[in-house]
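Mapping of the sequence shown onto the numbering used here: position 48 corresponds to residue 412, and the numbering continues sequentially without gaps.
We treat Cβ as the ideally placed atom computed from N, Cα and C, and that holds for glycine.
Bear in mind that the values here come from a model prediction, so they are computed numbers and not experimental data.
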Amino acid sequence: MLKIVVNATKGGVGKTTVATNIALLLAQQNYRVWALDLAGRSRMGKFLESTGHFANDKNKIDIRETCSLVAVCKLVPFRLYIG
């Protein structure tokens with residue numbers, strides 16, 4: 365199991381862009397991906413759904429605005445965590 369965290373305290377530094385690109389690249393290479401967006405704006409989710417790689421049962425997109433980092437780190441199995 366591989367967990368990738370994209371996190372920074374400063375806004376506007378490209379966290380969503382980086383996380384979205386990593387998730388899409390892994391999905392294109394046939395990895396199972398769970399993209400978890402804690403920002404709650406669902407920009408990542410809308411884009412990933414439009415690609416077709418997340419329109420199946422293999423890959424998953426979650427948007428959880430109120431979930432704590434500790435709770436997220438205990439969730440398994442997932443491939444990508446966006447914070």
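Is DSSP giving residue i helix, strand or coil here?
i: Leu402; result: coil
i: Ile368; result: coil
i: Lys424; result: strand
i: Asn394; result: coil
i: Gly378; result: coil
i: Phe418; result: coil
i: Thr373; result: coil
i: Pro441; result: Only weak support exists for where Pro441 lies, its pLDDT of 45 falling under 50; the value from the coordinates is given anyway. Pro441: coil per DSSP, three-state reduction.
When you compare each of the options to residue i by their alpha carbons, which one comes out closest?
i: Lys410; options: Arg396, Ala372, Asn394 and Ala387; result: Ala387
i: Lys379; options: Lys422, Glu413, Gln393 and Arg405; result: Arg405
Which whole-angstrom value describes the C-beta separation of residue i and residue j, a residue pair presumed to lie in contact below a C-beta threshold of 8 Å?
i: Asp401; j: Ile427; result: 5 Å
i: Ala383; j: Met408; result: 6 Å
i: Val397; j: Ala391; result: 5 Å
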